[in-house]
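Chains as they are written, first to last, in the numbering used here: chain Z, 1 to 115; chain P, 116 to 227.
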């Protein structure tokens, strides 16, 4: 079956440009997470949705980062006025229900390079 | 101090060796524990959850020590295909806090 998909897989942006990263979770998955992974680091939490509700956005590094999931399925992570420090892989993950040991399934990520 | 700490390695071991990874976490309210595996330029994938009583899946054994806030992963009879980065992951499960907190990962290279 289809897993989590993300697009684009690669994005090169000029500093100051706005970008939008898309995540298609597994159908029926209630929970959706965005993570940022810099080279040589573990993923860092950005934000979490349960259906269309954004329940935790404590990891968003600045007000230039904005995420939405208006219909409770597809999600978009938008970064305004990109900076070089935004260069990273942005991972999306989803899972069915929030039980303690429920696995999060990850998409392949979008590799963002800001020049 | 990071919330989840791991030795980044790299660990270089021969095929057939037994290797152990350790991880410590700082928040005593942590409720769920996992080991994820990440291959180069790929997304993380769940290797195994870590239960209080310890658990085993084939060549892999995970242990949790809540008193010491310590998690371990043991790999027996290493295979070349085990070469990857192993990420220790913790979740609080408190209220709306569902985020996973990740270690930096431990790099393993299994050599022929």
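By construction, the Cβ of each residue, glycine as well, lies at the ideal position given by its N, Cα and C atoms.
Asked, Found
"Under a Cβ-count criterion, where at least 16 other Cβ atoms within 10 Å of its own Cβ denotes burial, should residue 138 of chain P be classed as buried or exposed?", "buried"
"Give, in chain order, every unbroken run of the beta strand (DSSP E) that is at least 3 residues long and sits entirely within the segment 156 to 197 of chain P.", "160 to 165, 170 to 172, 175 to 180 and 185 to 190"
"Run through chain P and tell me which residues come within less than 8 Å of residue 108 of chain Z, C-beta to C-beta.", "157 and 158"
"Compare the Cα-Cα distances from residue 216 of chain P to each of Z/107, Z/96, Z/48 and Z/52 and report the closest residue.", "Z/48"
"In chain order, what are the residue ranges of uninterrupted beta strand (DSSP E) at least 3 long that sit wholly in the segment 38 to 71 of chain Z?", "44 to 50, 53 to 56 and 65 to 68"
"With 9 Å as the limit, tell me which residues of the segment 55 to 69 of chain Z have their beta carbon closer than that to any beta carbon of chain P; keep them in chain order.", "55, 56, 58 and 59"
"Assign residue 14 of chain Z to one of two classes, buried (16 or more other C-beta atoms within 10 Å of its C-beta) or exposed (fewer than that).", "exposed"
"Distance cutoff 9 Å, beta carbons only. Does residue 214 of chain P sit that close to anything in chain Z?", "yes"
"Assess contact between the segment 84 to 96 of chain Z and the segment 35 to 45 of chain Z, defined as three or more Cβ pairs (one per stretch) separated by less than 8 Å. Is contact present?", "yes"
"How many Å lie between residue 127 of chain P and residue 16 of chain Z at the Cα?", "42 Å"
"Can you give me the C-alpha to C-alpha distance between residue 109 of chain Z and residue 157 of chain P, rounded to a whole angstrom?", "8 Å"
"At the 9 Å Cβ level, is residue 119 of chain P part of the contact set with chain Z, yes or no?", "yes"
"Could you give the DSSP three-state label for residue 157 of chain Z: helix, strand or coil?", "No answer is possible for residue 157 of chain Z: it lies beyond the span of chain Z, which begins at 1 and ends at 115."
"Chain Z partners of residue 219 of chain P, CB-CB under 8 Å?", "40, 41 and 42"
"CB residue 43 of chain Z to CB residue 202 of chain P, shorter than 9 Å?", "yes"
"Going by beta-carbon coordinates alone, are residue 177 of chain P and residue 164 of chain P separated by less than 9 Å?", "yes"
"First and last residue of the beta strand (DSSP E) that includes residue 24 of chain Z?", "19 to 24"
"Along the beta strand (DSSP E) that carries residue 223 of chain P, what are the first and last residues, could you check?", "221 to 226"
"Of the residues that make up the segment 167 to 181 of chain P, which ones have a beta carbon closer than 7 Å to any beta carbon in chain Z?", "none"
"How long is the line joining the alpha carbons of residue 123 of chain P and residue 18 of chain Z, rounded to whole angstroms?", "34 Å"
"Looking at C-alpha atoms only, which residue of P/119, P/147 and P/152 is the closest neighbour of residue 198 of chain P?", "P/152"
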